[in-house]
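Reviewing the structure listed below.
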Amino acid sequence: MKKTMIASLAAAGMLFAVAGQAHAGTTLDAVKKKGFVQCGISDGLPGFSYADANGKFTGIDVDVCRASPLPFSVMTAK
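Spelled out as structure tokens, the structure:
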């Protein structure tokens, strides 16, 4: 029992030690290369983001994207 627990903890420790980490520098470099930041939303989540009867997106996620000083454009996977 103890050996199994120790082996499990050792395996978990190695997993966390070798897992890749995202670096802010990499993300910032990608944004600088593109020249813009994307703000994405999901459709069909009432209260968060959804298209009304006129096709206008509304919700808190949309408000956050629109409140940023970045250009806002609707992009869907459809």
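With mature numbering (1 follows the signal peptide of the UniProt record, and there is no 0) applied, the sequence shown covers -24 to -1, 1 to 54. In this text, a Cβ means the ideal position worked out from N, Cα and C, and glycines have one as well.
| query | result |
| --- | --- |
| Residue of Leu4, Asp39 and Val7 minimising C-alpha distance to Ser18 | Asp39 |
| Coil, strand or helix - Ala27 by DSSP | strand |
| DSSP beta-bridge partners of Asp33 | Note on residue identity: the sequence assigns Phe, not Asp, to residue 33. Partner(s): Ala27. |
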